[in-house]
Each structure stands twice: as structure tokens, then as C-alpha cells.
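Protein chains: 2
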Amino acid sequence: MKNISILGASGSIGSQSIEILNNNRDKFTLDAISVGENIDYLRKILSLFTPKLVCVKNKNHFDILKSEYPNIRFTYGLEGLFEISTFPSTHTVINGLVGNIGLMPTIHAIENGKNIALANKETIVTAGHIINEKIKKHNVKLIPVDSEHSAIFQCLNGENKKDINKLILTASGGCFRDKTREEIKNVTVEEALKHPNWSMGAKITIDSTTMANKGLEVIEAHFLFDIPYENINVIIHKESIIHSMIEFKDTTIMAQMGMPDMKNPIQYALTYPDRIFNKDFSPLDFGKITSLNFSPVDFNRYPCVKMAFDAGKLGGSATTVFNSANEEAVKLFLERKIPFLSIETLIYETLNSHSVIKNPSLDEILNIDRETRNFVINLYKTIKATH
Amino acid sequence: MKNISILGASGSIGSQSIEILNNNRDKFTLDAISVGENIDYLRKILSLFTPKLVCVKNKNHFDILKSEYPNIRFTYGLEGLFEISTFPSTHTVINGLVGNIGLMPTIHAIENGKNIALANKETIVTAGHIINEKIKKHNVKLIPVDSEHSAIFQCLNGENKKDINKLILTASGGCFRDKTREEIKNVTVEEALKHPNWSMGAKITIDSTTMANKGLEVIEAHFLFDIPYENINVIIHKESIIHSMIEFKDTTIMAQMGMPDMKNPIQYALTYPDRIFNKDFSPLDFGKITSLNFSPVDFNRYPCVKMAFDAGKLGGSATTVFNSANEEAVKLFLERKIPFLSIETLIYETLNSHSVIKNPSLDEILNIDRETRNFVINLYKTIKATH
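These protein sequence lines are chains D and Z, in that order.
Heads up, the final residue of the first sequence is numbered 387 in the working numbering, and it's a clean run with no missing numbers.
Heads up, the final residue of the second sequence is numbered 1387 in the working numbering, and it's a clean run with no missing numbers.
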């Protein structure tokens, strides 16, 4: 029996994690969970599970829930998140938080000897150098939940890192893959939220459309697998069946494949190194999937990928800036304040104005994050004012 | 430094093995080799290497070579093959013999504690139950050299056999893949020898065209990986880029990919568990390989696959009969004595007339092999006489 805690239990990763735990009650116990403001979904979870600790975002919900569930202990706010991520009996913490908020709970979890099933890529993108150090020091396992990194992680099973030639991350190309930049100038939020293959949260769906997501994954892969950026490739694979690959020194490519279903890498992160049957998973049917296609990524069509590589190679605080600028820009788009392509422009301008700090500390990272967000908002206001 | 010996050094697998050893002189020593009658190629090998023992097929060549190379020890015949396969300092024996002749040397090698890089699938197909027992008893490694089984072997790296759902063997479909049975009725030997993707020996190229080869591989996979026939699938994959796959319990598929080049699995069998760079190997270029295609195998189009599954499920001596009947039938076709489709008919009739012996001993296997060959030849003569 493995004891699991979930950060962000009402999100896309969190709710799919709940489904997996619910399908495998003989294997997992739900220790502690955090949710943001989706109290209705929390109530649904509490009809299925009785976790020992529940964290909500604000005091108001905390007060309501405390009297509603007298048998469950509640907590709230950032301190509450830390309590969830360090819950004593927990073996693995699933970090399904979205955005930079995921960083500090990951750090706390590692420092308390927890294994991490990590979906929150911002943790690695902004503080990969610090996380890697702490993982080593506290001897915990960090297992990626992202389908691409889970695929790479699986392709590395039984292999030696030193034999890697390159990582090949596959990308669906997002829902506007077959459109030109001219054609996507005026797309609506609704149009941008239709992902062809994966069912994911709003922010990550937009990131998939701009391919900023793939950019973040490139940076994440660099840190997770200790591979130079020069040895990381991205290719468009519109079917999202091959989730990523490793080319080894002897030119052998190992690929991990399956139907696009986030529950699969989530479950693997929990059962690793074992694999278990799950009645909800659909096997690939080569009678239906008769063709897998590949094409190169055009950096002009997808400047976010190029910017991510550039930021990664610059290193230090540049990846934090890429990530924070992207988060703020996507927020502005989702709030219908900027057109789709301005996401890229805002990131570009922000990265351009940043002076890189080498090996930033956690404090510096958090500072840069704040400054970057302010910079993006001010940039937006300036542009708006001049129109 | 690993000491290697090669059975069948002048064949397709043998000569490619020689190339690999020649490219990696810092890693391998060539201990002992056998060749059949290709003495010219043997001389070429001896201009590159000075093995400690060389076996030829017949006494005549033995006498000539002894005086030609006074510094090299020679031997000949079946006893000579046994000497090669048990050469004292050898770590791994590459068995690149073609046909049933490969069986006894493999047994001798295992009994003498040698690891086997096995290309001779007849060894496993006819005596899989005996080989598996001996491998366990003598605690040696048998690493498949066939691209399909090497792929499965690699997909199993770091995984647990108990988590396998099914094996998916890929098949090019051979050079007549896009033709109907009607269209291949009168094909010539030359036409049948043109394999679209792989450069291999004549017998195996014909086997690839009838897909008897895939049938043998199904049986081999059953024994090598201890998987029931019901859990082995074959799919047509015309590009031969994915060399085979495993579907695990959690529906994850691991696939091993690369350019079709037998040198790759041969080298892997020698370097396992490491992988090494080889300047002769071409990496996959997804700029060129833009599409991978799959289609089901039609058992009516390729009856040899169905017959192999049937023989495998019958078990015991049936797989020996399938293999020996196929060998003789292919020989008759290559000698231009029977039309292409009669290969299948001869195998079918022979299998149909056989009474299966459960758990045959080595002696019984060798007997059945002889009887089967005689049966096929007599069948051919009878048919010929009645025409």
C-alpha cells in the first residue's frame, strides 16, 4: 500500500489522479490533498475518500468545510500547501499545481524525503539546478508525469544515461498546426482551447497551441535527464501516439507509445517500476492507428520553441523569465485582453529586456518571477495605452 | 576486451559480425570461426584477423588451408563446429549458421558456459524447451540477434516480464507485399530474392517473402520470452523502422526503432548491456522517414504465419516439422524445382501428415528433422511424377 498526497487535486492532473486511486484502492491510500477554489469538486472527492488532511486556498472555504466535515482536518493557504507536501505518512506527492506556485511545495516535499510525481513543470524550468541538488541530497525519486518526460523516463529503463545520443520530444503541434501565422492572428479563446489529442487544463492547452509547452518541456528535459540542449530535438507528430523517444549512441531509438491519456503517465509515476492493469485505459489498436507521421518544427511558425531553446542555453534566470512571461501572457489572452500572437511578442520583449543571473537562489527566482510578471503587465498596459 | 567466436563467419550474419569486430578492435578479440565452403571470404577474414582456430566444412579445404596458413590451427566438419562453439577463452559465440545445423553447436556452447548471440532461429524453434532448460542450468545469456527479437529484448530492458500484455512483431511483408496470391504464382527465384528493406541471406529472404520467417519468429519469441502464442501479434509495417514492440499491462507500448541494418542487433548482442558508437550506422532521420505505416496480416495471403501459429500451439515436434519442411521446400524453390506457392503447399501437407511428439528429446528432434526432409522430397517427387 502506497500513501499518496495530491497538490492540486481538483485540476486536470489532480482529478485524473483521483480516478486512478479510486480504481486501485488495494494499492493506494489517499493521505492529503489540496484544492484551489473548486469546493464542489472537493466535496465529490470527499464522498469517495477520507483524506487525513485537506488544504483549500482561502480562509472562507476553510471555515465552511471545517463545520461541514467535522471528521476531516482542514488547513489553508500557502502554509497549508506545505503541510500537504510534507505529510508524514506520505510516500509520493503528486504535484499537479499549475504555474510557479508549484515550486516551493516541491522543495518542501523533497526536503522531507517524499518522492515526487511531478506534473508541475515550472518547478524544474525555474529551479532545475536547485531541485536536482536537493533530489540527490535527500535521495528521493522524482518521476515526471508529463507524457513526454514519462516516455523518456521509460525509454531509459535499464539503459545507461551515458549512452544517450539525443532526446526526441514529440509535439502534436496544437490545434492550429495546419494554419499559418496569418490565419491564427485573430483566433478566439474558445478556438485556441480545442486540443486535437490531449484533454488538459486551459493554460497548458494554450501552451500547446503556441508550443510554449514544448519549449518548457525542452528545458525540463534538459534538467531531468542532464542532457545538453544541443542534444534535444523536437518533432511534430500529429497523432500524439509516440510520446517521446531516445536515440542512443548505437543509433537505436527507443520509443514509448500509447493512446494520448494523461492517466497513463500519472499511474506509471505511482506504480513505477511496476505496471498495472487499469480498466479505463485503452490499448493502441494498429487496426485503427494505421499511420504515424512526423515533420520538423518550423521555428518561424513556432517562435516559442526557439525562445525556449535560447533561454535554456542562456541558462540561469532566463528560463524563469521565459516561464513567468508566458504564464502572464497566456493569462492576458485567456482574459481576452490580448490577441493570440501577442503571447509570443510579450515573451520575446520580456526575455530581451532581462539581464541573466547565473545560478539564481530560490529567493532570486521568486523575485525574478514577480518582476517578470509585473514587466509583462506593464508592457501590456503600455501597448494598450499607445493604441 | 570480450573474446568472440563466430559460427558461420562467411554468411550474412557472420560477415557483418566480422565488420563490427573490425570496427571495434579495442573491444573485441576474434577467437575462433567456422566457414562453410566460401574459402575466398575466409582468406579475406584471415587478412584482417588471426583467429586461434578456424573450422571449414570439408577435409579438402582443411588440407589446403593448413599449408597455406601454417600459423593458424584448422579443424573441419561437425566436430570442428563443436570445437569452435566451445573454444575455451570465448565469452560469446555468435551463431550465424543457417538452418538446423545450428542446433547442436548451440547446445555445446551453452553446456560449456558460453553466452550465445543467436541468429540461428532454428535452434530455438526446434528445441526451445531444451535450450531454455540448459540456459537456466548453465547460467548463460542468450541474446537474440534477429532484429525483431533484439527489439523485444531491448524493450524489456528494466521491465518485468510479468508486466507484458503482448508482443507485437513487425513484418515488412516481403517483396511481394502489394501483390495478390494470383500475381505471385509464377515469380522467379530472382524476383523473390529482392527484399525491400533488409540485406540478408537467400533462404531468409525467401522466408521473408512467404512470411515463414515471421512464423519462425513467432515460435522463437514464444520460447525466448516465455509468452503464450495468444499474446503474440504480427503486424505488417512496410518501412521496417519499428523492429518490434511490447505492449505492457498498463497499455504502454515500448518500441525499438532504427534503420534496417542487421549490424545493429548483432553489435548490441555483443555490447549488451552497453551501447557503442559505430561509424557505419546511420541514425534515423525523421526529416526523411516522415511516415510509419501499419496493417494487419491476412492469414489467407500469408498462410505460413497461420501454420506457424498452429504448429506452435500444437507444440512438441510440430515446430520442428514446420521448420524442416520449410527449409526443404525453400531449397526446392531456390533450385527452381517448384513454383513459389508450392513452398506453402509442401509445408501444409507435411505438417498435416505429422503425429506430434510431446517434449521431444534432441535425438527425436534430429530424427524428425531427417524424416520431415525426406517426406518433403518424396512429396515433391510424387507430385512431379503425377504431372
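Virtual Cβ for every residue (Gly too), placed ideally from N, Cα, C.
Would you call residue i buried or exposed, if buried means 16 or more other Cβ atoms sit within 10 Å of its Cβ?
i: Z:D1178; result: exposed
i: Z:L1081; result: buried
i: D:E247; result: buried
i: Z:H1243; result: buried
i: D:N352; result: exposed
i: Z:R1073; result: exposed
i: D:L103; result: buried
i: Z:A1151; result: buried
i: D:T474; result: This structure leaves residue 474 of chain D out entirely; chain D is present only between 1 and 387.
i: D:S5; result: buried
i: Z:L1332; result: buried
i: Z:F1277; result: exposed
i: Z:N1058; result: exposed
i: Z:G1113; result: exposed
i: Z:T1320; result: buried
i: D:K136; result: exposed
i: D:E402; result: Outside the shown range of chain D (1 to 387) lies residue 402 of chain D, about which nothing can therefore be said.
i: Z:H1387; result: exposed
i: Z:I1289; result: exposed
Using only the alpha-carbon positions, how far apart do residue i and residue j sit?
i: D:F153; j: Z:I1184; result: 46 Å
i: D:A119; j: Z:D1298; result: 43 Å
i: Z:V1056; j: Z:F1087; result: 15 Å
i: D:R370; j: D:K358; result: 18 Å
i: Z:N1024; j: D:R25; result: 53 Å
i: D:G128; j: D:M257; result: 27 Å
i: D:N95; j: D:P303; result: 28 Å
i: Z:Q1388; j: Z:S1017; result: Since the displayed chain Z opens at 1001 and closes at 1387, residue 1388 of chain Z lies outside it and no answer follows.
i: D:R336; j: D:E190; result: 10 Å
i: D:L187; j: Z:I1020; result: Here the sequence assigns Val to residue 187 of chain D, which means Leu is not the residue at that position. So the alpha carbons of these two residues sit roughly 56 Å apart.
i: D:D63; j: D:A117; result: 30 Å
i: Z:L1388; j: Z:N1115; result: The structure shown does not extend to residue 1388 of chain Z, since chain Z is modelled only from 1001 to 1387, so the question has no answer here.
i: Z:A1255; j: Z:C1155; result: 6 Å
i: Z:K1280; j: Z:P1265; result: The displayed chain sequence assigns Asp, not Lys, to residue 1280 of chain Z. When rounded, the distance between both Cα atoms is 13 Å.
i: D:G312; j: D:E327; result: 17 Å
i: D:F286; j: D:V145; result: 25 Å
i: D:T372; j: D:P70; result: 42 Å
i: Z:F1028; j: Z:S1089; result: 12 Å
i: D:K214; j: D:L169; result: 8 Å
i: Z:D1250; j: D:P283; result: 8 Å
i: Z:Y1380; j: Z:L1346; result: 8 Å
i: Z:H1222; j: D:D226; result: 38 Å
i: Z:S1085; j: D:K121; result: 53 Å
i: D:R275; j: D:N22; result: 17 Å
Identify the continuous alpha helix (DSSP H) that holds residue i and give its terminal residues.
i: D:V305; result: 303-314
i: D:N374; result: 362-385
i: D:V125; result: 121-138
i: D:H149; result: 147-155
i: D:F322; result: 318-334
i: Z:K1044; result: 1039-1048
i: D:N352; result: 342-352
i: D:N231; result: Counting along the chain, D:N231 falls outside any alpha helix (DSSP H), and DSSP gives it neither H nor E.
i: D:L270; result: 263-271
Could you give the residue range of the beta strand (DSSP E) that holds residue i?
i: D:N213; result: No beta strand (DSSP E) holds D:N213; the alpha helix (DSSP H) holding it covers 212-225.
i: Z:F1087; result: Element bounds for Z:F1087: n/a, residue is neither H nor E.
i: Z:P1105; result: Careful: Z:P1105 lies outside any beta strand (DSSP E), inside the alpha helix (DSSP H) at 1103-1111.
i: D:I170; result: Note that residue 170 of chain D is Thr in the sequence shown here, rather than Ile. Start and end: 164-171.
i: D:Y69; result: Careful: D:Y69 lies outside any beta strand (DSSP E) and carries neither H nor E.
i: Z:A1032; result: 1028-1034
i: Z:S1005; result: 1002-1007
i: Z:V1189; result: Here Z:V1189 belongs to no beta strand (DSSP E); instead the alpha helix (DSSP H) covers 1189-1192.
i: D:E183; result: Counting along the chain, D:E183 falls outside any beta strand (DSSP E), and DSSP gives it neither H nor E.
Measuring from the CB of residue i, is there a heavy atom of the ligand GDP at a distance below 7 Å?
i: D:D298; result: As far as ligands go, the structure on display features none, and thus does not contain the ligand GDP.
Stretch pair the stretch 1008-1018 of chain Z + the stretch 1029-1048 of chain Z: three plus CB contacts closer than 8 Å: Taking 8 Å as the limit for Cβ pairs, the verdict is that the stretch 1029-1048 of chain Z does touch the stretch 1008-1018 of chain Z.
Chain-ordered residues of the stretch 1269-1301 of chain Z with a beta carbon less than 8 Å from chain D: For the stretch 1269-1301 of chain Z, which is checked against every Cβ of chain D, the residues closer than 8 Å are T1271, P1273, D1274, R1275, I1276, F1277, N1278, F1281, S1282, P1283, L1284, F1286, G1287, I1289, T1290, S1291, L1292, N1293, F1294, S1295, P1296.
Proximal residues, the stretch 1221-1243 of chain Z versus chain D, C-beta separation under 7 Å: So the close ones are I1235.
Residues, ordered as in the chain, of the stretch 1249-1261 of chain Z that lie near chain D by beta-carbon distance below 8 Å: Contacts with chain D (Cβ-Cβ distance below 8 Å) from the stretch 1249-1261 of chain Z involve K1249, D1250, T1251, T1252, I1253, M1254, A1255, Q1256, M1257, G1258, M1259, listed in chain order.
Three CB pairs or more closer than 8 Å across the stretch 1218-1233 of chain Z and the stretch 1338-1353 of chain Z: Short answer: they don't touch.
Residues of the stretch 1159-1177 of chain Z with Cβ closer than 8 Å to any Cβ of chain D, in chain order: Per Cβ criterion, the list reads E1159, N1160, D1163, N1165, I1168.
Contact the stretch 275-295 of chain D vs the stretch 45-59 of chain D: 3+ CB pairs below 8 Å: Contact fails: fewer than three Cβ-Cβ distances are below 8 Å.
Three-pair Cβ contact test at 8 Å for the stretch 1200-1213 of chain Z versus the stretch 1161-1178 of chain Z: Contact holds: three or more Cβ-Cβ distances are below 8 Å.
Cβ-based contacts, 9 Å cut-off: residues of the stretch 1046-1068 of chain Z near chain D: For the stretch 1046-1068 of chain Z, there are no residues whose beta carbon sits under 9 Å from a beta carbon of chain D.
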